[in-house]
């Protein structure tokens, strides 16, 4: 993905709108422990359309990242038996459509690390128990912001031979 400082203003503005949507979904999930399809589906459609006109990379990079992230979290949702929901998988697909490849690798890494840190902190202070689901949308939103801002560069630093 290109350097964000070279992106045109219209693209940065579009990403700012998506950042606001991600923030809203994160807050909703934190409060209600669900991610509404009424917001997620239109956002996925809009991000998919944005992928085709993105100056940040080839369209297929964004579609590949969306498919990869969505499929990975569907598998986690199946394996977790309720610990992670399909709303998280749909949100991950949205994050992939926004960050592209390899930015999605960084976004998912940050999401997993921050989600684990929050979970451990909540268990430490007695606000959560092992096996109890915690909202993951805030971690995905944080990962998306890092993935957008520095995903390509960080991916090459973290996994030099992979990307």
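Numbering (the numbering used here), first residue to last: 4 to 166.
Ideal Cβ positions, reconstructed from N, Cα and C, are used throughout, including at glycine.
Residue 194 vs residue 150 beta-carbon contact at 8 Å: The requested residue 194 is not part of the displayed model; the chain covers only 4 to 166.
C-beta contact flag for residue 69 and residue 96 at 8 Å: yes
Minimum length 4: unbroken alpha helix (DSSP H) runs contained in the stretch 98-156: 106-127
CA-to-CA distance, residue 140 to residue 100, given in whole angstroms: 16 Å
Candidates 127, 125, 126, 98: closest to residue 113 by CA position: 98
Start-to-end residues for the alpha helix (DSSP H) that takes in residue 45: 40-54
Other residues of its chain near residue 43: CB distance less than 8 Å, five sequence neighbours each side excluded: 28, 90, 93, 94, 97
Buried versus exposed, by CB contacts within 10 Å (16 or more), residue 55: exposed
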